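Just so it is clear: in the sequence shown, position 289 is 288 by numbering that gives the first Met the number 0, and no numbers are missing. Don't be surprised by glycine CBs; every beta carbon is placed ideally from N, CA and C. The model shown is predicted, which means the values in this text are computed figures rather than measured ones. One structure is given below, encoded as structure tokens.
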Amino acid sequence: MAQTVANVLVNTLEKIGVKQIFALIGDSLDPLADAIRQSSIEWIGVRHEEGAALAAAGQAKLTGRLAVCAGTTGPGCTHLVAGLYEAARDHAPVLALSGNMPRKMQGLDYIQSTKPDILFRDVSLYTETILTAEHAPHVIHQAIATAYAGRGVAHLTLPQDVLISKATEIVTSVSTLKPRSELAPNDEDIAEIIRSIEKAENIVIMCGAGCHGFAEELRVLSDKLKAPLIHSIKGKDILPFDDPRWMGGIGMIGTKPVYNAVMNCDLFLMIGTDYPYPEFLPSKGDVIQIDDRHEVLGRRAPTKLGVLGSAGPTIKLLLQRIPEKTNKKFFDKVTNERKEWDEMLDKQADLSRSKDKIHPQAVARTASDLAKSDAVFVLDTGLNTLWSGNWIRQKGTQRIIGSFNNAAVGTALAQANGIQVHDRSRQVIALCGDGGFNMLMGEFLTAVHHQLPIKIIIYNNSCFGLITLEAESMGLPPFRKGIEFPNPDFALLARACGGHGFTAKKPSELKEAISEAFAADGPAIVDASIVPNELPNVPHLQIEMVKNVATAKIKEAIHYVMGS
Numbered sequence: 000m001a002q003t004v005a006n007v008l009v010n011t012l013e014k015i016g017v018k019q020i021f022a023l024i025g026d027s028l029d030p031l032a033d034a035i036r037q038s039s040i041e042w043i044g045v046r047h048e049e050g051a052a053l054a055a056a057g058q059a060k061l062t063g064r065l066a067v068c069a070g071t072t073g074p075g076c077t078h079l080v081a082g083l084y085e086a087a088r089d090h091a092p093v094l095a096l097s098g099n100m101p102r103k104m105q106g107l108d109y110i111q112s113t114k115p116d117i118l119f120r121d122v123s124l125y126t127e128t129i130l131t132a133e134h135a136p137h138v139i140h141q142a143i144a145t146a147y148a149g150r151g152v153a154h155l156t157l158p159q160d161v162l163i164s165k166a167t168e169i170v171t172s173v174s175t176l177k178p179r180s181e182l183a184p185n186d187e188d189i190a191e192i193i194r195s196i197e198k199a200e201n202i203v204i205m206c207g208a209g210c211h212g213f214a215e216e217l218r219v220l221s222d223k224l225k226a227p228l229i230h231s232i233k234g235k236d237i238l239p240f241d242d243p244r245w246m247g248g249i250g251m252i253g254t255k256p257v258y259n260a261v262m263n264c265d266l267f268l269m270i271g272t273d274y275p276y277p278e279f280l281p282s283k284g285d286v287i288q289i290d291d292r293h294e295v296l297g298r299r300a301p302t303k304l305g306v307l308g309s310a311g312p313t314i315k316l317l318l319q320r321i322p323e324k325t326n327k328k329f330f331d332k333v334t335n336e337r338k339e340w341d342e343m344l345d346k347q348a349d350l351s352r353s354k355d356k357i358h359p360q361a362v363a364r365t366a367s368d369l370a371k372s373d374a375v376f377v378l379d380t381g382l383n384t385l386w387s388g389n390w391i392r393q394k395g396t397q398r399i400i401g402s403f404n405n406a407a408v409g410t411a412l413a414q415a416n417g418i419q420v421h422d423r424s425r426q427v428i429a430l431c432g433d434g435g436f437n438m439l440m441g442e443f444l445t446a447v448h449h450q451l452p453i454k455i456i457i458y459n460n461s462c463f464g465l466i467t468l469e470a471e472s473m474g475l476p477p478f479r480k481g482i483e484f485p486n487p488d489f490a491l492l493a494r495a496c497g498g499h500g501f502t503a504k505k506p507s508e509l510k511e512a513i514s515e516a517f518a519a520d521g522p523a524i525v526d527a528s529i530v531p532n533e534l535p536n537v538p539h540l541q542i543e544m545v546k547n548v549a550t551a552k553i554k555e556a557i558h559y560v561m562g563s
């Protein structure tokens, strides 16, 4: 019996190792669903198409391999777009599939009409409509190849009549559809890096997501150069928090010792990172950036040398030739400052800090201390990102995933679903703000439906905390009517959905609530009521910001007195 185009597409996905498709069913996807029913691929039905796109993005970020999501005609595919920016901005290979009406109905303002190739153009590296059965194998191959080559989103529109048509051929050259190979730098660039290292006294090495898998090489590089290792949030999980070389993060998810080290070094090596905040990058000294994406070299800070190469091969080549340095003065200075900073973090996270109020730092630290050694933490966006990013003490065998480039609120829950589906035996912990959780809380039902044992910890302060901070830093009083909101009982909600729910309103209840949630045999929510006005640490405090916050506080007091 001849295969349909839907069968050809699904069989190709099977051959390259796709295990799930995240989707919400609709009539135009019926032929695709029928082909999946005949395959080994698991259909993960979600409650909202954005949740499907986010689940695919989370899985692709963790594995580096193609993940797939699908939405039906019209609103079904438009709902995918917001979630797909997560994969696009965080450079994760995702194939998005849009069902569409039969071709004879297109262009006639038919019900649910859209133009998906235009709609998906900004979020996708590649977007095409499969026009005929003969056309299908070629664009299927091209879409998957582009998603892998560009580490981003490829999109195919699937007219229903094309999906059910008989295929004339299959997709060939399937063995070429795989993640990009590592790229070695050229000898001239390695020689130039070594010359710069030889001249430098105080070296800082910044490690980004591109350094994953090369922890031991980074340790050796640090030891030979007597150089502190620092990280972006996307690189935080490469080494354990207590490794003596791993000094901490940069920026607001970072430390003052790291900021001081960056500003006082004479050579700053950026490896596998495109860290976007120039105010936290060196204002003096030499910058060398190493990355396998040519377009990112030199765009964040004035750069002496941009080296096109993957982190692993570049570090290995350097280790063969760099001289060993002996002066540890700079390294020891950063180490001593880091020790003081860590002691401050410990005090802020101490459960005994308050008798009746839970501070958000304690929530992150308690979850971190109780997590399994191979857990995956999925962070949401907002003020909660600062609590989680700064107070999780990673073990070096765990992973930390988040919306770190897209910075989208409400993405953690659905991403956690995608990660948990990949390995149902691995502990997956989503740390969410209440505002973010409320946005896509329906995806908790997806977890219950598919028996995904994700653990969700909600920082419950009944407000968008980061918006308060951002307004005050501009000198504006926070707009409380827009920032504050009522919440449901999240523990009760979890139980109503068929999951487990736990509540912590006082410090004495927090550890037990998280422990019980982690021990539960299915999806669970911990509703942790935190103080609403906690301020984060600021590694580099600007006078202008202090003045603006003071101004905002005065303005808010005046508004309060005047009843406005």
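Rounded C-beta distance between LEU430 and SER387? I'm assuming under 8 Å. 4 Å
Could you name the residues of the same chain whose beta carbon sits closer than 8 Å to that of TYR559, not counting the 5 residues immediately before and after it, in chain order? Low confidence applies here, because TYR559 scores a pLDDT of 46, under 50, leaving its location unreliable; read the following figure in that light. Cβ within range, chain order: n/a, list empty.
Measure the Cβ-Cβ separation of ALA366 and ILE252 and say whether it is below 8 Å. no
Any alpha helix (DSSP H) of 4 or more consecutive residues that is wholly inside the stretch 7-43: 29-36
N-terminal and C-terminal residue of the alpha helix (DSSP H) that TYR276 is part of: Where TYR276 is concerned, there is no enclosing alpha helix (DSSP H), given that its DSSP letter is neither H nor E.
Which residues mark the beginning and the end of the beta strand (DSSP E) in which ASN99 is found? 93-99
Smallest Cα separation from THR167: which of GLY409, THR3 and THR72? THR3
Output the residue ranges of the alpha helix (DSSP H) runs that lie fully inside the stretch 438-474 and measure 4 residues or longer, sorted by chain position. 442-448 and 464-472
Buried versus exposed call for ILE117 [16 or more other C-beta atoms within 10 Å across all chains shown]: exposed
Spatial neighbours of ARG120 within its chain, please: CB distance less than 8 Å, with the 5 preceding and 5 following residues excluded, ordered by chain position. THR126
What is the rounded straight-line gap between the Cα of VAL203 and the Cα of THR302? 15 Å
Please list, in chain order, all residues of the same chain as THR445 whose beta carbon is under 7 Å from its beta carbon, the five residues on each side excluded. VAL45, ARG46, GLY50 and ASN416
What's the call for PRO269, buried or exposed, on a 16-neighbour Cβ count within 10 Å? Position check: residue 269 holds Met in this sequence, whereas Pro was assumed. With 16 or more Cβ atoms within 10 Å of its Cβ, MET269 is classed as buried.
For LEU220, the first and last residue of its enclosing alpha helix (DSSP H): 214-224
Under a Cβ-count criterion, where at least 16 other Cβ atoms within 10 Å of its own Cβ denotes burial, should SER123 be classed as buried or exposed? buried
Would you give the residue range spanned by the beta strand (DSSP E) that CYS264 belongs to? CYS264 -> no beta strand (DSSP E), and no H or E assigned at all.
Do ILE192 and LEU304 count as a contact pair if the criterion is CB distance below 8 Å? yes
Smallest Cα separation from ILE524: which of GLY474, ASN437 and GLU469? ASN437
Hey, ASN460 and PRO531 are a contact pair by Cβ (cut 8 Å); roughly how many whole angstroms apart? 4 Å
By the three-class DSSP mapping on this structure, what secondary structure does PRO136 have? helix
Using the Cα positions of ALA516 and PHE501, report the straight-line distance between them to the nearest angstrom. 7 Å
For SER528, the three-state DSSP class (helix, strand or coil): strand
With the cut-off set at 8 Å, would you say GLU48 and GLY75 are in Cβ contact? yes
Tell me whether HIS293 is buried or exposed, calling it buried when 16 or more other Cβ atoms sit within 10 Å of its Cβ. exposed
Under the three-state DSSP convention, the category VAL545 falls into: Note that VAL545 has pLDDT 49, beneath the 50 cutoff, so the model's placement of it is unreliable and the number below is only indicative. The answer is helix: DSSP assigns VAL545 an H, G or I state.
Just the Cα atoms here: how many angstroms apart are ILE237 and ILE163? 46 Å
Strand pairing of GLU483, partner residues [DSSP]: CYS462
When DSSP labels each residue in this structure, what does GLN587 get in the three-state scheme? In this structure the chain extends from 0 to 563, so residue 587 is not present and cannot be described.
Over what stretch of residues does the beta strand (DSSP E) that includes GLU127 continue unbroken? 125-128
Starting from the N-terminal side, write out each stretch of the beta strand (DSSP E) that is 3 residues or longer and does not extend beyond the stretch 63-91. 66-70
How long is the line joining the alpha carbons of ILE229 and PHE489, rounded to whole angstroms? 37 Å
Between PRO485 and GLY434, what straight-line distance do the alpha-carbon atoms span, to the nearest angstrom? 10 Å
Apart from the five residues on each side of it in sequence, which residues of its chain come closer than 6 Å, Cβ to Cβ, to ALA34? ALA5, ASN6 and VAL9
Assuming GLY409 and VAL447 make a contact with CB atoms under 8 Å, what is their CB distance in whole Å? Not confirmed; about 18 Å, so no contact.
ALA66 and ALA81 - do their beta-carbons sit closer together than 8 Å? no
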